[in-house]
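J.:
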Amino acid sequence: MTPTDALPAAAIAAATAHLRDVLAIALDHTPERRALVVFDTRTALARALVDAYRANLPDATFIDFDTVAPDHVLATFRTLAPQDLVVLVQSTNFRLDGFRLRVELFKLGLKVIEHVHLSRMPGAQGEHYIEALAYDPAYFRGVGHALKARIDGARRAEVHGGGDVLVFDSPLEAAKLNVGDYRAMTNVGGQFPIGEVFTEAQGLEAVSGRAQVHVFGDTSYLVNRPDAPITLIVDKGRVVGTENATPAFQEVLDIIRRDEGEVWVRELGFGMNRAFTRERRVDDIGTYERMCGIHLSLGAKHGVYAKPGFKRKDARYHIDVFVVTDAVYLDDERVYADGAWTVRA
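The following block contains the structure:
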């Protein structure tokens, strides 16, 4: 490693400030509770985040994952009490012999902040990632709950973009929030950055129309941006055709059709993180999913919403695609304009 691998001091200072708010406001972590940070130092972004956590959690235990045996990490988890905090800073994702990190930590009653796949966001993307950690509770909670209220009461939705319209001619499932407000939730924390409200049509076959995809998740779980948007043609909830599809996008569709028979459109995601836009991206698709705009999922898999006829063992794919979005309507109310959500609590 050379000094050029490091992120600028200003980025580390920003990370320190943003994570201070995340810890205090979103996680409601106090100095009376113990904190454990498990990290690696393989990437500049990981090292920057660790520096920020050291500044904010001076009494925490820090474990370099690459210098200890997995059993040591597991044993340390079990010394913590419910409501204590675990932070995971991972350039890839830590493997602990079948121990599903976040799920098992939640079972122990622990608060969790997970940073994952940081190696997919080199250079300036690390600074974009840090900007996305900024926590504005008035925005995330206010707009998030306002969107949920309108989604839960809507009879239909429309997504307009590039002259095309995708229609959800059905009430929507009760929306789920990922806005850093855990007061009514069993589990506290999750993967960061945050910023999303998501739902899907109650009747999946009520989804029809056209949508232009400007970014999709490819077979390597990376952001793939075609030179020109790809048009999805959707009928009765299924992708029945495309225009301007690239070989990489066609490969995604072919894999889904091979294993699931057809390509369903399921999730309707309302991304809220203003650090990510159509032009300002990071390569990790799971991080970019928070981008301020609309994303959909292709494939039958959606673990949150059970639907008749969709067996969990047969539903294999949930591929995020991000659509050109000029306007979003819930019933007759426009809730998205000029690249931003327009609703307030």
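The numbering used here puts the first residue of the sequence shown at 5, with every later residue one more than the last.
C-beta atoms are modelled at their ideal positions from N, C-alpha and C, and glycine is treated no differently.
The model shown is predicted, which means the values in this text are computed figures rather than measured ones.
1. Is there contact here, the region 304-321 with the region 264-273, by at least three beta-carbon pairs under 8 Å?
2. To which residues of the same chain is Tyr309 closer than 7 Å at the C-beta, ignoring the five residues directly before and after it?
3. Per DSSP, Asp168 forms a beta bridge with which residues?
4. Are the region 215-224 and the region 319-339 touching, with three or more C-beta to C-beta distances below 8 Å?
5. Go through its chain and collect everything with a Cβ distance to Tyr139's Cβ below 7 Å, but skip five positions before and after it.
6. Under 8 Å by Cβ, that's how I've got Ala158 and Asp287 pegged, so tell me the actual separation to the nearest angstrom.
7. Measuring only the C-alpha atoms, how far is Gly303 from Ala136?
8. Skipping 5 residues on each side, what residues in its chain have a beta carbon closer than 8 Å to that of Arg338?
9. Given Thr250, which residues of its chain have a CB within under 6 Å of its CB, disregarding the five upstream and five downstream residues?
10. In whole angstroms, what separates the C-alpha of Val93 from that of Arg187?
11. Looking only at its own chain, which residues have a Cβ that is under 6 Å from the Cβ of Leu170, when we skip the five neighbours before and after it?
12. Using 7 Å as the threshold, is the C-beta distance between Leu109 and Asp88 below it?
13. Using DSSP with H/G/I as helix, E/B as strand and the rest coil, what is Ala50?
14. Can you grab the Cα-Cα spacing for the pair Ala10 / Ala232, in whole Å?
15. Can you give the Cα-Cα distance for Ser95 and Asp258, rounded to whole angstroms?
16. Tell me whether His119 sits in a helix, a strand or coil according to DSSP, three-state version.
17. Helix, strand or coil for His132, going by three-state DSSP, please let me know.
18. Give the straight-line distance between the Cα atoms of Arg38 and Asn191, rounded to the nearest whole angstrom.
19. If we count the other Cβ atoms within 10 Å of its Cβ and call it buried at 16 or more, is Arg145 buried or exposed?
T.: Quick answer:
1. yes
2. Glu177 and Glu204
3. Gly165
4. yes
5. His22, Asp25, Val26, Ile29, Ala30 and Gly184
6. Contact between Ala158 and Asp287 does not hold, since their C-beta atoms are separated by about 33 Å, which reaches or exceeds 8 Å.
7. 28 Å
8. Contacts found: Ala331, Val332 and Thr346.
9. Pro230
10. 24 Å
11. Val163, Gly213 and Ala215
12. no
13. helix
14. 34 Å
15. Looking at the two C-alpha atoms, the distance is approximately 30 Å.
16. strand
17. Reduced to three states, the DSSP call for His132 is helix.
18. The alpha-carbon atoms of Arg38 and Asn191 are separated by roughly 17 Å.
19. buried
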